[in-house]
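First to last, the protein sequences are chains A and B.
Per my numbering, the very first residue in the first sequence carries number 120; after that it's consecutive.
Per my numbering, the very first residue in the second sequence carries number 494; after that it's consecutive.
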Amino acid sequence: AQKITQTQPGMFVQEKEAVTLDCTYDTSDPSYGLFWYKQPSSGEMIFLIYQGSYDQQNATEGRYSLNFQKARKSANLVISASQLGDSAMYFCAMRGRHYNQGGKLIFGQGTELSVKP
Amino acid sequence: GAGVSQSPSNKVTEKGKDVELRCDPISGHTALYWYRQSLGQGLEFLIYFQGNSAPDKSGLPSDRFSAERTGGSVSTLTIQRTQQEDSAVYLCASSLASTGDQPQHFGDGTRLSIL
Numbered sequence: 120a121q122k123i124t125q126t127q128p129g130m131f132v133q134e135k136e137a138v139t140l141d142c143t144y145d146t147s148d149p150s151y152g153l154f155w156y157k158q159p160s161s162g163e164m165i166f167l168i169y170q171g172s173y174d175q176q177n178a179t180e181g182r183y184s185l186n187f188q189k190a191r192k193s194a195n196l197v198i199s200a201s202q203l204g205d206s207a208m209y210f211c212a213m214r215g216r217h218y219n220q221g222g223k224l225i226f227g228q229g230t231e232l233s234v235k236p
Numbered sequence: 494g495a496g497v498s499q500s501p502s503n504k505v506t507e508k509g510k511d512v513e514l515r516c517d518p519i520s521g522h523t524a525l526y527w528y529r530q531s532l533g534q535g536l537e538f539l540i541y542f543q544g545n546s547a548p549d550k551s552g553l554p555s556d557r558f559s560a561e562r563t564g565g566s567v568s569t570l571t572i573q574r575t576q577q578e579d580s581a582v583y584l585c586a587s588s589l590a591s592t593g594d595q596p597q598h599f600g601d602g603t604r605l606s607i608l
């Protein structure tokens, strides 16, 4: 069975500093994808970044980067130069890449990030 | 519209009533998913559609829950004889494909409150 663990229920970061949100996962599938989503207080789920299990390089999208350590089964999200608008709940999610798995996402419990001015 | 649209945004109903939640996915997205988000359970998968068929219904919590998708587009999630534990935010997501690196794009959800 697949499982995602986010051990930081809440995090604080000073504006303009970088912050790392932790995510570890467990799966027996050789091929899988890892996603990070942001959920502001307004409720919408916003896709941030994706990392495939066979990708050679860590994914980056603007101020977001994913520190992927396959042997440790970790996929930490790094947000550089934090902004007040980054205050939100962040979810790590995983799905298998085989067609018969249907692509459903397994989510972690989330980390609530608060950016201080 | 450009994104996933869900209606109603809020629904308050009495215990025992039936409710119907609607999801209009992004045009051209063949995969559609329903999730439920509650304080105690986090985000839980409910059901997955590929086109009009539902190959994975494993997350539906009881036979009071059902869903359908018509025309490869709009989907409705129906909850019969609602119970207080059904109170949650119901999220719909769609994606171009169910595999690979295609992200799921979410709607704003329906907040369901059972009195």
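In this text, a Cβ means the ideal position worked out from N, Cα and C, and glycines have one as well.
Item: Cβ of A:Met-213 less than 8 Å from any chain B Cβ?; Value: no
Item: For A:Lys-235, which residues of its own chain have a beta-carbon under 8 Å away from its beta-carbon, when the five flanking residues on both sides are left out?; Value: Phe-131, Val-132, Gln-133, Glu-134
Item: Does DSSP classify B:Leu-589 as helix, strand or coil?; Value: coil
Item: From A:Lys-157 to B:Thr-592, what does the alpha carbon distance come to, in whole angstroms?; Value: 21 Å
Item: With 9 Å as the C-beta to C-beta threshold (strictly closer), list the residues of the region 570-583 of chain B near chain A in chain order.; Value: Val-582
Item: Cβ atoms of A:Thr-146 and A:Gln-121: under 8 Å apart, would you say?; Value: yes
Item: Could you tell me the distance, in whole angstroms, from the CA atom of B:Phe-599 to the CA atom of B:Ala-581?; Value: 16 Å
Item: Quick one: does B:Thr-592 have its CB under 8 Å from some CB of chain A?; Value: yes
Item: In three-state DSSP terms, what is A:Gly-204?; Value: helix
Item: Quick check on DSSP: helix, strand or coil for A:Gln-228?; Value: coil
Item: Just the Cα atoms here: how many angstroms apart are A:Ser-199 and A:Arg-191?; Value: 23 Å
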